[in-house]
Amino acid sequence: RVTGNATTDFGAPDVAPESDTRPVEEAELERFQTLLRAYWRAFDEARSAAAGRELRKGPRGGGRDVESIARHVLGAERGYLARIAWKSKARDDEDLEAALARTRQEVLEALAIACRGELPARGPRGGVIWSPRYFVRRLGWHVLDHLWEIEDRVI
Numbered sequence: 004r005v006t007g008n009a010t011t012d013f014g015a016p017d018v019a020p021e022s023d024t025r026p027v028e029e030a031e032l033e034r035f036q037t038l039l040r041a042y043w044r045a046f047d048e049a050r051s052a053a054a055g056r057e058l059r060k061g062p063r064g065g066g067r068d069v070e071s072i073a074r075h076v077l078g079a080e081r082g083y084l085a086r087i088a089w090k091s092k093a094r095d096d097e098d099l100e101a102a103l104a105r106t107r108q109e110v111l112e113a114l115a116i117a118c119r120g121e122l123p124a125r126g127p128r129g130g131v132i133w134s135p136r137y138f139v140r141r142l143g144w145h146v147l148d149h150l151w152e153i154e155d156r157v158i
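FYI, the numbering for the sequence shown is 4 to 158, going by the numbering used here.
Below is the structure:
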């Protein structure tokens with residue numbers, strides 16, 4: 004068990020367990036990348052199934068549509084990249100699908116480099132950098148949370 008905080012009270016895994024600091028072997032990296040691809044595939048399938056359909060309004064999501072949810076997930080993934088000391092090559096002029104594809108590729112690349120220990124262990128101003136294991140845990144949770152939001156809200 005880990006002691007939570009205000010974010011974990013909200014339901015997000017914001018505190019990494021000590022076990023997340025262990026090194027990641029090559030086989031685990033491949034498994035993590037496979038998991039991330041599966042999360043994204045399921046998210047895209049949920050988006051596709053909900054295309055053109057209204058989502059029920061309510062407290063969870065505040066009435067966002069599918070594209071707004073996808074843009075939120077995209078923005079979060081770009082933010083998560085910064086949490087492992089990766090400088091994203093994101094461009095504001097890309098359409099959503101191109102931006103998702105680019106960011107997902109960066110996630111896989113950054114994860115591999117982080118697992119090899121080739122990214123800084125501390126931020127430029129001393130900030131905490133996420134471990135590769137926690138990065139996968141948090142990103143995976145976030146994608147699934149919003150996949151379920153879409154599925155739960157389709158009218």
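No residue lacks a Cβ here, since even glycine has one placed at the ideal position from N, Cα and C.
In this text, all values refer to a predicted model and were calculated from it rather than measured experimentally.
Subject >> Reduced DSSP secondary structure (H/G/I, E/B, other) of Arg-44 >> reply: helix
Original post:
Can you name, in chain order, every residue of its own chain whose Cβ lies under 8 Å from the Cβ of Trp-144, other than the five neighbours on each side?
Top reply: Ala-15 and Pro-16
Original post:
Is Val-146 near Arg-56, with beta carbons less than 9 Å apart?
Top reply: no
Subject >> Same chain, Cβ closer than 6 Å to Val-139, neighbours up to 5 away in sequence not counted >> reply: Phe-35
Original post:
Which of helix, strand or coil does DSSP assign to Val-27?
Top reply: coil
Original post:
Who are the near neighbours of Trp-133 in its chain, counting only those whose CB is closer than 8 Å to its CB and skipping five residues on each side?
Top reply: Same-chain partners within the cutoff: Ala-19, Tyr-83, Arg-86, Ile-87 and Arg-141.
Subject >> Bridge partners - Arg-125, DSSP secondary structure assignment >> reply: In the DSSP output, where bridge partners are listed per residue, Arg-125 has Val-131.
Subject >> Beta-carbon spacing of Pro-135, Leu-32 below 9 Å >> reply: Yes, the Cβ-Cβ distance between Pro-135 and Leu-32 is below 9 Å.
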